[in-house]
Every structure is written in C-alpha cells, then in structure tokens.
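Going by our numbering, the sequence shown opens with residue 12, and the numbers climb by one from there.
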Amino acid sequence: MSDDEFMMEDAADDEEYDFDYDDDDDAGMEDDAGDVENQYYKAKSLKEENAEGALKAFRTIVDEQPEKAEWGFKALKQMTKMNYLFLHRPDEALATYRELLGYTKSHVTRNYAEKSINNILDYVGGEGKHANISPKVPLDTLEKFYEATRVACEEAKNERLSTKSNLKLAKLWLDRKEYARLQPILKSLHATCAPGNGASSSEDQTKGSLLLELYAIEIQMYSDLKENRKLKEIYNAAMQVKNAIPHPRIMGVIRESGGKMWMMERSWDKASTDLFESFRQYDESGSPQRIQVLKYLVLTYMLMGSEINPFDSQETKPYKNDPQIIAMTSLVSAYQTRDVQEAERILKANRATIGADPFIQYFIDDLLRSLRTQYIVDTIKPYTRMELDHLAKTLNVTRAEAEGLVVSLILDGRIKGKIDQVQGLLVLERFHAEENKKYRAMDSMTTELARLSRAVIAEKVARDGRGGGAWGAGVPAFG
C-alpha cells in the first residue's frame with residue numbers, strides 16, 4: 012500500500028466515527044475539541060517522514076485527555092496500526108490495542124467500536140485489505156490479541172462482537188492448520204450460536220447466519236482432515252438452516268465442500284447442483300475461488316456423461332475464454348467430439364491449470380475412462396463386429412485395457428454383444444437384437460410351462476401311489 016493510499020484510508024476512517032456525549036457537555040467541549048483535533052491531524056502529517064514523532068504526538072493526545080473520548084480512541088487506532096503494520100512492533104501494537112479496548116466501555120458507540128476492532132483483527136490475522144503487508148508473528152502473539160478482545164467483550168457484555176472475533180480466530184487457525192487450537196473454539200462457538208428459546212425472529216436470523224459461518228469453518232477442517240463422515244454430517248446440518256442471511260462467500264464454501272463430497276461418492280447430479288450454486292455464490296461475492304469451482308463443475312459434467320455444455324448458462328458464459336478456464340473449455344470440446352487423443356494432448360499441455368490441483372488430478376483417470384467408453388459406444392454403432400486391437404490403437408491403450416472397457420459396457424447394458432477372445436473381436440447383437448430378446452422370452456416361458464407340467468404329473472403319480480385311483484377317489488360327497 013502506498014503512502015497516499017494509507018493517508019486516504021485514514022481520512023475515510025476519520026469520517027466514520029460515532030461518539031456519545033451528553034447535551035450539557037457539548038458547549039464546553041467545542042473549544043477543547045478544536046485544539047485536540049488540530050493536534051491529531053498534525054500528528055498524522057508526521058507519519059510519512061517521522062514515524063517516531065507521530066507516535067509521540069498521538070501519545071500526547073491520549074495522555075492529555077482526562078476522559079476516554081473521541082480523539083484518544085482515534086489516536087490509539089493510529090498507533091496500533093503504525094506499530095503493527097509499518098514498524099513491525101507487534102508487542103507495542105498489542106499494548107496500544109489493549110488501551111484502545113478500554114475506550115469501548117465509555118463514549119465510543121458499539122457499532123463504531125465493533126467496526127474498528129474487526130478492522131484491527133483483520134490485519135493482525137493477515138486478512139482483508141492489509142493482508143499483503145501484514146507481518147508474520149508468533150502464534151502466541153496472535154492469541155494475545157484475541158484474548159484481549161474476549162476479555163473486553165465480556166466486560167462490555169458484547170456477545171455479538173465476542174462471537175465475531177472468535178469466528179475470526181477460528182478462521183485464522185483453520186488457515187494455519189492449527190487444528191488443536193481450533194477445536195476448542197469451535198465447541199465454544201456452537202454453544203454461542205445455538206438458537207435460543209424465546210428469541211425474536213431477527214435474533215434467530217442473526218444466530219442462523221453465524222451458525223452457517225461456523226459450519227463453513229468446520230466443513231473445511233473436516234475436508235482437510237479427510238474425515239468424510241463428519242464432513243457429511245456438518246454439510247447436512249448446514250443445509251437444514253433456513254432462518255439466515257449468510258454472506259454469499261459462506262454459502263460458496265459450504266456448497267463447494269458439498270459438491271466435492273458428492274464427486275467423491277460419484278453422485279454426479281448432486282455434485283453438479285452444489286458446484287453450480289457454489290460458483291454462483293462465489294461470483295456474487297467476487298471471490299477468486301469461483302474459477303476453481305467452475306473447473307470442478309466442468310469436470311463433473313464430463314464425468315456424468317452430460318451432453319450439456321456447462322458454458323451455455325448465462326452465469327458461466329462470461330468465463331468461457333478466461334485464461335485460467337480456456338483449457339477446460341478446450342477439454343469440453345474434445346469430450347463432446349469424442350476426440351480421445353486431443354483430450355490427452357490438452358491434459359498434458361495444461362498441467363499447470365488443470366493437473367496442478369490434486370482434487371482434479373484424482374479424477375483424470377476417471378475422465379479419460381469416461382471419454383474412452385463414450386468413444387467406443389459411438390464408434391461401434393454401424394458395425395456388427397470390431398477388432399479389439401483396432402480399438403486399443405485408437406484409444407491409445409493396451410489390448411487388455413480395451414477389452415476391459417468393452418466388458419464394462421456389456422455388463423452395464425450400454426452395448427449388447429460378447430467378446431470372441433480367440434479371434435480378438437467384439438461381436439455385436441446389433442441387428443436382430445429385439446428378435447433375440449423375444450425368442451429368449453418365449454424360450455423362458457416354454458421352460459416354465461414344462462416345469463409346471465412335470466409338477467402336475469408328479470402330483471398325479473403321487474396320488475395314484477397312495478391308492479387314490481382315479482382323480483375323484485377319496486373326495487367326500489357334498490350335499
């Protein structure tokens with residue numbers, strides 16, 4: 012971030028404050044406020060060329076205000092930001108941050124306090140607009156910022172800010188794969204986010220939104236840990252939350268994880284539904300993850316054997332020629348024309364954009380198998396027989412692999428035929444298939460009639476053997 016951008020951002024921050032004063036105090040404060048305001052902007056003007064001088068000037072403002080008020084709070088915000096982001100003094104930033112938290116109990120309104128604290132926690136955790144300049148600090152230092160926030164929230168009885176800061180901390184540990192630190196926080200958040208009895212509709216809606224944010228973190232954790240049973244459990248719970256207005260990015264995360272879960276289970280229809288919704292939500296939130304999810308969606312369409320072009324929808328069409336997507340677009344074209352060799356060439360030439368993702372790489376063999384089986388189904392249509400060696404050569408596989416593909420198609424009922432292993436042929440029941448089916452049905456019926464006939468004769472012989480003689484013997488008369 013340039014110095015000009017930093018100064019513009021500070022100016023924007025200055026316009027967003029909101030403080031509470033008693034009406035009786037207003038007149039007496041005007042003159043003093045003018046003096047301290049001048050001091051504040053003079054201190055800001057020193058930041059570029061004399062950071063130490065600026066810090067001292069801000070400290071003077073804090074020390075000279077007997078009550079915790081407007082300009083002291085703003086001065087502490089500036090000191091915390093300077094110490095952490097630009098001077099890389101996290102311990103000093105923590106000290107001024109703790110001092111700033113004390114102001115949230117007096118004149119600073121709850122909304123402004125929450126916004127200021129959330130912004131600070133964002134750059135401390137390497138998130139938001141300052142992510143690229145946020146320094147790497149020890150995990151214990153990060154924990155101290157959040158612990159200070161927790162204590163201040165408890166003292167101020169600000170449950171909403173406490174929950175939001177815990178969610179930020181949970182996301183921080185998730186990104187750093189600190190699962191041992193993460194799990195106790197998740198347990199605490201579940202107790203906080205659970206809908207309460209007698210709560211208003213708006214309160215339930217707020218808790219529902221927070222609960223979905225919590226589920227999104229849990230789903231990612233279980234996905235990382237390969238705990239598929241727990242992942243599915245949390246996914247199903249998330250899909251049952253109705254009274255919520257979550258951020259689109261949160262639903263993008265949940266639907267992406269669901270789509271990938273369904274892909275692993277080979278439930279292609281469910282996967283395509285979730286992945287399309289994930290792409291739409293990421294797109295709405297402006298998340299770059301939409302590109303990766305679009306790749307998963309395109310892959311799913313091919314794996315399910317769909318003839319629908321995934322780039323025909325109005326949501327996906329704008330990305331058809333995106334540099335990161337163009338390889339997938341070409342792959343779809345090769346798939347739809349059943350050009351196996353072109354598909355293999357595309358995959359080899361675009362390892363960086365397609366094969367670099369381990370999740371996509373996991374399905375490449377399935378994709379090629381699907382493409383090869385589709386090719387066989389389309390190729391054999393005009394023939395009654397075909398050499399397995401010819402199929403193997405065309406598909407760029409061994410004779411045994413070609414035979415395995417044909418056998419799987421026969422067993423799945425997608426082609427009617429048999430393998431002549433002596434001649435190395437696929438012999439198809441192309442013409443007379445319906446007649447053969449009818450004859451087999453008639454043969455089955457004849458066999459069943461013969462079985463029934465034998466049963467009747469056997470019963471008659473058994474009766475005769477018991478001395479019944481004629482069929483009517485031994486039957487009592489009625490009437």
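Think of the CB as a built atom: it goes at the ideal place given N, C-alpha and C, for glycine as much as any other residue.
Open item on the list: Please classify P257 as buried or exposed, where buried requires at least 16 neighbouring CB atoms within 10 angstroms.
Closed with: Buried, because 16 or more other Cβ atoms sit within 10 Å of the Cβ of P257.
Task: Of the listed residues A354, I375 and A191, nearest to Y386 (C-alpha basis) - done: Checked all of A354, I375 and A191; the closest Cα to Y386 is A354.
- [ ] Helix, strand or coil for K272, going by three-state DSSP, please let me know.
- [x] According to the sequence displayed, residue 272 carries Met and not Lys. Reduced to three states, the DSSP call for M272 is helix.
TODO: Please state if the CB of K306 and the CB of I371 are separated by a distance shorter than 9 Å.
DONE: Result yes, Cβ atoms of I371 and K306 sit closer than 9 Å.
Open item on the list: So for M339, helix, strand or coil by DSSP?
Closed with: In the displayed model, M339 falls within a helix according to three-state DSSP.
Task: Straight-line Cα distance separating T120 from E81 - done: Taking C-alpha positions only, E81 is separated from T120 by approximately 10 Å.
Task: Exposed unless 16 or more other CB atoms sit within 10 angstroms - verdict on T409 - done: Exposed, because fewer than 16 other Cβ atoms sit within 10 Å of the Cβ of T409.
TODO: Use the C-beta contact count for G424: other C-beta atoms within 10 angstroms, 16 or more gives buried, fewer gives exposed.
DONE: If you draw a 10 Å sphere on the C-beta of G424, you find fewer than 16 other C-beta atoms in it, and that means exposed.
- [ ] For M262, count neighbouring Cβ atoms within 10 angstroms of its own Cβ and tell me buried if that reaches 16, exposed if not.
- [x] So M262 counts as buried.
Task: Ordered list of alpha helix (DSSP H) runs contained in the stretch 302-368, each at least 4 residues - done: Every alpha helix (DSSP H) of 4 residues or more that sits fully in the stretch 302-368 is shown, in chain order, as 337-347 and 351-360.
Task: Closest by C-alpha distance to M274, when choosing among V264, L286 and P393 - done: Residue L286 is the option with its Cα nearest to M274.
- [ ] Could you say if the stretch 355-367 and the stretch 394-404 meet the contact criterion of at least three C-beta pairs nearer than 8 Å?
- [x] The stretch 355-367 makes no contact with the stretch 394-404; the number of CB pairs closer than 8 Å stays below 3.
- [ ] Check whether the Cβ atoms of R291 and E326 sit closer than 9 Å, and answer yes or no.
- [x] Cβ distance < 9 Å, so R291 and E326 count as in contact.
Task: Whole-angstrom C-beta distance between D333 and Y302, which should lie under 8 Å - done: Checking the sequence, you will find Ile at residue 302 rather than Tyr. Sure, about 7 Å apart at Cβ, within 8 Å.
Open item on the list: Could you check whether the Cβ of E165 sits closer than 8 Å to any heavy atom belonging to the ligand ATP?
Closed with: Absence of the ligand ATP is noted for the structure shown, with no ligands found whatsoever.
Task: Simplified DSSP assignment, three categories, for R396 - done: The DSSP-derived three-state label of R396 is strand.
- [ ] Starting from the N-terminal side, write out each stretch of the alpha helix (DSSP H) that is 4 residues or longer and does not extend beyond the stretch 195-272.
- [x] As far as the stretch 195-272 is concerned, its whole alpha helix (DSSP H) runs of at least 4 residues are 212-235 and 239-250.
- [ ] Report the rounded CA-to-CA distance for Y134 versus S278, giving the unit in angstroms.
- [x] It is roughly 40 Å from the alpha-carbon of Y134 to the alpha-carbon of S278.
TODO: For S13, collect the residues of the same chain with a Cβ closer than 6 Å to its Cβ; drop the 5 residues on either side in sequence, then sort them by chain order.
DONE: Confidence in S13 is poor, its pLDDT being 47 and thus under 50, which makes the residue's placement unreliable; the coordinate value appears in the next sentence. Excluding residues up to 5 positions away in sequence, nothing lies with its Cβ nearer than 6 Å to the Cβ of S13 in the same chain.
Open item on the list: For a test of the three-state rule: what should DSSP assign to G1, helix, strand or coil?
Closed with: There is no way to answer for residue 1, as the model of the chain reaches only from 12 to 490.
Open item on the list: Within a Cβ cutoff of 7 Å, which residues of the same chain sit near L172, ignoring the five residues on either side of it in sequence?
Closed with: Taking L172 as the centre and dropping the five residues before and after it, the same chain places the C-beta of E125, I128 and C164 closer than 7 Å to its C-beta, in chain order.
TODO: Leaving out five residues on either side along the sequence, give the residues of the same chain with a beta carbon under 7 Å from the beta carbon of N177.
DONE: Contacts found: I196, S199 and L200.
TODO: Could you tell me the distance, in whole angstroms, from the CA atom of C204 to the CA atom of T217?
DONE: Those two C-alpha atoms are separated by around 9 Å.
Task: With 16 other Cβ atoms within 10 Å as the buried cut-off, status of V304 - done: By the 10 Å Cβ count, V304 comes out buried.
- [ ] Please check the pair Y114 and F69, which I expect to be a contact at CB under 8 Å, by giving their CB distance rounded to whole angstroms.
- [x] In fact, because the Cβ distance is near 14 Å, the residues do not count as touching under 8 Å.
Task: Identity of the residue in D294, I375 and N254 nearest V351 by Cα - done: Considering only alpha carbons, the answer is I375.
- [ ] For V343, count neighbouring C-beta atoms within 10 Å of its own C-beta (all shown protein chains included) and say buried if the count is 16 or more, exposed if not.
- [x] Sixteen is the threshold: when 16 or more other Cβ atoms of the shown chains lie within 10 Å of the Cβ of V343, as they do, the residue is buried.
Open item on the list: Our contact map puts K116 next to A167 with C-beta atoms below 8 Å; I'd like the distance itself, whole angstroms only.
Closed with: Right, the Cβ-Cβ distance comes to about 5 Å (below 8 Å), so this counts as a contact.
Open item on the list: Taking 7 Å as the limit between beta carbons, can you name the residues of its chain near G269, skipping five residues before and five after?
Closed with: For G269, where only same-chain residues beyond five positions count, the Cβ hits under 7 Å are Y246 and D285.
Task: Cβ-based neighbour list, P491, same chain, cut-off 7 Å, excluding 5 preceding and 5 following - done: Only positions 12 to 490 of the chain appear in this structure, which leaves residue 491 out of reach.
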